[in-house]
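Trainee: As given, the protein sequences belong to chains H and U, one line each in that order. All the letters of the first sequence, read from the start, carry residue numbers 1 to 121 under the working numbering. All the letters of the second sequence, read from the start, carry residue numbers 1001 to 1112 under the working numbering. Note that the Cβ used here is the ideal one computed from N, Cα and C, for glycine as well. Note that the coordinates shown come from a computational prediction; the quantities given were computed from them, not determined experimentally.
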Amino acid sequence: DVKVTQSSRYLVKRTGEKVFLECVQDMDHENMFWYRQDPGLGLRLIYFSYDVKMKEKGDIPEGYSVSREKKERFSLILESASTNQTSMYLCASSSLHPGQGGSEGVYNEQFFGPGTRLTVL
Amino acid sequence: LAKTTQPISMDSYEGQEVNITCSHNNIATNDYITWYQQFPSQGPRFIIQGYKTKVTNEVASLFIPADRKSSTLSLPRVSLSDTAVYYCLVGATTDSWGKLQFGAGTQVVVTP
């Protein structure tokens, strides 16, 4: 089974701190994603990466950056944490590229980690 | 971007069929429709994906009308363990992963 792990389940930081959220996947997936999840808003894509050292902005990249130095690891960085970044952060990975999948038996599926609940005080 | 709209919540009793409809009026030609399930304190889990007509697997069915402006996830004979949030997702086109768009989710509560 695909396993996506996140470095912490719960994290408490202070305003202005630099925060690193780490994500590791063990299935050699090319694509990795960072989402944040807030009540009533569902999941919103922050950044994604389709290859080592490659990244693209999602819907809400402001205040965040990412790093992908190795294929299995994708890091989300909050350069200067703020209270409005208090949220649940979810990492995901997938093996297919956009446009692939959807045919019988081939699904464009993302595999999610358990999430990190970040509180910024 | 294909924005999705789905009901905020739905209640059901054990053994009933639950149908959740997702509206996606601006769906693009290359977009697929995907549904995920999320339990508390867990990440979402893939349930089913389709492009048009009907798709069925061991967990659910997905009905997509010809105009593809909506889709319906059908959960047959639900049990208490089906209580979860269900997300409708439209995207994964040939252009960019950046067009993925999750809905706000539907909280399904199954009671005895």
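Along the beta strand (DSSP E) that carries Ile-77 (chain H), what are the first and last residues, could you check?
Mentor: That run of the beta strand (DSSP E) goes 73-78.
Trainee: Given this structure, state the Cα-to-Cα distance separating Pro-1076 (chain U) from Ala-1104 (chain U), to the nearest angstrom.
Mentor: Their backbone Cα atoms lie some 23 Å apart in a straight line.
Trainee: With DSSP collapsed to three states, give me the class of Asp-1067 (chain U).
Mentor: Correct three-state label for Asp-1067 (chain U): coil.
Trainee: Leaving out five residues before and five after Asn-1019 (chain U) in sequence, what residues of the same chain have Cβ atoms less than 6 Å from its Cβ?
Mentor: Contacts found: Thr-1072 and Ser-1074.
Trainee: Using a Cβ-Cβ cut-off of 7 Å, state whether Pro-1112 (chain U) counts as contacting chain H.
Mentor: Not closer than 7 Å to any Cβ of chain H, the Cβ of Pro-1112 (chain U) fails to qualify, so no.
Trainee: Which residues in chain U sit within 9 Å of Phe-74 (chain H), going by Cβ to Cβ distance?
Mentor: Those do not exist, as Phe-74 (chain H) stays about 13 Å from chain U at its closest Cβ, beyond 9 Å.
Trainee: Just reading off the beta strand (DSSP E) that Asn-1026 (chain U) is part of, what are its end residues?
Mentor: That residue, Asn-1026 (chain U), is in no beta strand (DSSP E); it is neither H nor E in DSSP.
Trainee: Give a yes or no on whether the minimum CB-CB distance between Gln-1042 (chain U) and chain H is below 7 Å.
Mentor: So, interface residue.
Trainee: Three-state secondary structure (DSSP) at Gln-1038 (chain U)?
Mentor: The answer is strand: DSSP assigns Gln-1038 (chain U) an E or B state.
Trainee: Do Thr-1111 (chain U) and Tyr-1013 (chain U) have their C-beta atoms closer together than 7 Å?
Mentor: In contact: Thr-1111 (chain U) and Tyr-1013 (chain U) (Cβ atoms closer than 7 Å).
Trainee: Go ahead and label Asn-31 (chain H) buried or exposed: buried means 16 or more other beta carbons lie within 10 angstroms of its beta carbon, across all protein chains shown.
Mentor: Answer is buried; the Cβ neighbour count reaches 16.
Trainee: In whole angstroms, what separates the C-alpha of Asp-1067 (chain U) from that of Asn-1026 (chain U)?
Mentor: Approximately 11 Å between the Cα atoms of the pair.
Trainee: Taking only the alpha-carbon atoms, compute the straight-line gap between Ser-1061 (chain U) and Lys-13 (chain H) and give it to the nearest angstrom.
Mentor: C-alpha separation (whole angstroms): 43 Å.
Trainee: Along chain H, in chain order, which residues have C-beta atoms closer than 7 Å to that of Ala-1104 (chain U)?
Mentor: What Ala-1104 (chain U) touches in chain H: Gly-40, Leu-41 and Gly-42.
Trainee: If you reduce the DSSP assignment to three classes, tell me which class Leu-41 (chain H) lands in.
Mentor: Coil at Leu-41 (chain H), not helix or strand.
Trainee: Once the 5 residues before and after Lys-3 (chain H) are set aside, which same chain residues still bring their CB inside 6 Å of it?
Mentor: The residues are Asp-26.
Trainee: So what's Pro-114 (chain H) in DSSP terms, helix, strand or just coil?
Mentor: Coil.
Trainee: Using a cut-off of 7 Å between C-beta atoms, extract the partners of Gln-25 (chain H) located in chain U.
Mentor: Within chain U, no residue comes near Gln-25 (chain H); the closest Cβ sits about 12 Å away, beyond 7 Å.
Trainee: Please work out which residues of its chain come closer than 6 Å, Cβ to Cβ, to Thr-1005 (chain U), disregarding the five sequence neighbours upstream and downstream, and give them in chain order.
Mentor: Once the five neighbours on either side are set aside, the close Cβ partners of Thr-1005 (chain U) are Ser-1023.
Trainee: Please confirm if Gly-1098 (chain U) has its CB atom under 7 Å from at least one CB of chain H.
Mentor: With a pLDDT of 48 at Gly-1098 (chain U), under the threshold of 50, the predicted position of this residue should be treated as unreliable, though the coordinate-derived value follows. True, the Cβ-Cβ gap to chain H drops below 7 Å.
Trainee: Give the residues of chain H in contact with Phe-1063 (chain U), contact being defined as C-beta atoms less than 8 Å apart.
Mentor: Those within 8 Å of Phe-1063 (chain U) in chain H number zero; the least Cβ separation is about 16 Å.
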